[in-house]
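Reviewing the structure listed below.
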Amino acid sequence: MTRIELAKKGIMTDEVKEVALAEGVSAEGLSMDIASGVSVIPINRKHGIKPIGIGRNLRTKINANIGTSKDRISIEEEMEKLDVLVRYGADAVMDLSTGGPIKELRAMMLRKSPVAVGTVPIYEAAVRAAEDKGAIARMTADDLFRVIEDHASSGVDFITVHCGLTMKAVERLKNEGRILDIVSRGGSLLLEWMVYNEKDNPLYGQYDRLLEIARQYDMTLSLGDGMRPGCLADATDRTQIEELLTLGELRDLAVEKGVQVIIEGPGHVPLNQVELNVKIEKEICKGAPFYVLGPLVTDIGMGYDHITAAIGGAVAGAAGADFLCYVTPSEHIRLPTVDDVKEGVIVSRLAAHAADIAKGIKGAMEADVKMARCRKALDWNGQIALSLNPDKVREWRAEVPPTESDVCSMCGEFCAIRTVERALKKES
């Protein structure tokens, strides 16, 4: 049985107990949330890793994307990125490779990764079709489902599948007048296939087939938003909502069949619409875990989009989003480097942490209280240890060392904390 089926029968697994203990929630409550589809444990039954929970009353989790392209193929570099993203606290990783030995890289990542691994099978299916048949449009539905089966059987924990991109949604897109029609890579590949073959999306038309594969391996489906807005001007439009309505219906079918589901969301969204987007998803998709890319709250942040995404991610998380996909400084520019991955993970963790404090997640503010006490005591070793990047803090402190060791070189002898402490002691 799948996790949903076990939970529906009231069977409490060790896995649920482990996640509940780590999150500080009741195992009974978590099990009920899994049964109803508002929380998931996205681990393939063939991938033996420490389980994590994503969903209601749980810590906001973050994902880091890595992977090759035809312009840069280095398995060694991707494995280094994996090491870095794990070291700095990512809860999951997605392999988005489109160049080189894709299958071998995925197998290596599954062997090496201690965190959940996700993929987007349409990427590999499209690459194979282009290489073997000369065009993506010549891919068959069977070709796509063979790749999905291969990913599932190899142990992939969750897959992005753009099932809500239907002919009806395409007609809506044509009439919408968007500035940027589709920016989802997977969505664009499926749109091309649909247009040239004059057929509906096989991931929608053969959704039962997809559910059967997912159920066999207890693999979580991350229902992708192929129609997500690619700029602020296109946000929260009818095309986006059209797809979301379909995803809500597909979510119900999946939970009924015992398959765990996550709903993916935008994208580029004005700050004043971020909370609205979360509330719409939660209502339409009956509380299903919401997985957002950022969202980016301005379109002019090139080189700094990890910051624009962290701003949106903090607001989205505080409003109820459950899973943040990181964005790196190189978003919209190039394939991320190892350093880009590190920066992306750290700022995304900060966004998730800020969201957890706002949501009142149990224990979320403990580290902040400890940091405040260390600052009060001028305990620099304690402050460094509590930071998300101790090496950077230690290096920066050493670059301009203070004359007096218990303060920083900005305030020096005029350190506010020390001044007040000394004055209050004198008064008493």
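Residue numbers (full-length UniProt numbering): 1 to 428.
All C-beta atoms in this analysis are idealised placements derived from N, C-alpha and C, irrespective of residue type, glycine included.
Contact under 8 angstroms by Cβ, residue i with residue j
i	j	result
A355	A314	yes
V117	D95	yes
residue 500	V345	Residue 500 lies beyond the stretch modelled for the chain, which goes from 1 to 428, so this question has no answer here.
residue 465	M139	With the chain covering only 1 through 428, there is no way to say anything about residue 465.
G55	K362	no
E15	P42	no
F323	N57	no
V338	V84	yes
I4	G258	yes
P121	I102	no
F290	K279	no
K359	G37	no
V269	V261	no
R209	F145	yes
A27	K17	yes
V115	I49	yes
E331	D299	no
M227	G187	yes
W193	A137	yes
P229	G177	no
A22	L30	no
S409	V420	no
Where residue i falls: helix, strand or coil (DSSP)
i	result
H268	strand
Y204	helix
A309	helix
M94	strand
A316	helix
Y196	helix
V170	helix
N57	coil
V369	helix
V407	coil
T246	helix
L221	strand
A64	strand
T160	strand
R72	strand
V259	coil
C231	coil
For residue i, the nearest candidate out of the options (CA to CA)
i	options	result
S154	Y217, A367, G363, K286	Y217
V292	T220, N277, A358	N277
L165	E249, K359, G320, G53	E249
H47	G360, I34, R418, V156	V156
residue 439	I213, D150, M108	Nothing can be reported for residue 439: it is not among the residues displayed for the chain, which extend from 1 to 428.
R394	T403, I66, N381	N381
T119	L30, G224, I182	G224
residue 436	V274, P329, Y326	Because the chain spans 1 through 428 in this model, residue 436 falls outside it and cannot be assessed.
I263	A309, N272, C325, N197	C325
A169	A233, R238, C231, P329	R238
L82	V341, Q383, D391	V341
C231	L271, A214, R215, I66	L271
L388	E404, E343, I75, G412	E343
E78	E427, R422, L335	L335
T246	Y207, A214, A233, R215	Y207
V195	A214, K174, R215	K174
A35	K9, G53, R45, N44	K9
Inter-residue CB distance, residue i and residue j (contact presumed, cutoff 8 angstroms)
i	j	result
S113	L105	That pair is no contact at about 12 angstroms.
D406	L424	No, D406 and L424 are not in contact; Cβ-Cβ is about 17 angstroms, not under 8 angstroms.
R185	E242	In fact, because the Cβ distance is near 20 angstroms, the residues do not count as touching under 8 angstroms.
L190	L253	Not quite, the Cβ-Cβ distance comes to about 19 angstroms (not below 8 angstroms), so this is no contact.
H162	L203	6 angstroms
P295	G312	4 angstroms
A351	I357	About 11 angstroms; that fails the 8 angstroms criterion.
L386	A416	At roughly 20 angstroms, the Cβ-Cβ gap does not stay under 8 angstroms, so L386 and A416 are not in contact.
T68	G99	4 angstroms
I284	L244	6 angstroms
M167	D200	5 angstroms
M302	I333	6 angstroms
D234	L180	6 angstroms
Proximity test, Cβ basis, 8 angstroms: residue i and chain D
i	result
A423	Checking the listed chains, one finds no chain D in this structure; it contains a single protein chain.
Whole runs of the alpha helix (DSSP H) within the segment 16–48, excluding any shorter than 4 residues: 27–36
Ignoring anything shorter than 3 residues, give me the beta strand (DSSP E) runs that lie fully in the segment 82–154, in order along the chain. Correct list: 92–95, 116–119.
Can you list, in chain order, the stretches of the alpha helix (DSSP H) that have 4 or more residues and sit fully within the segment 271–304? 271–284
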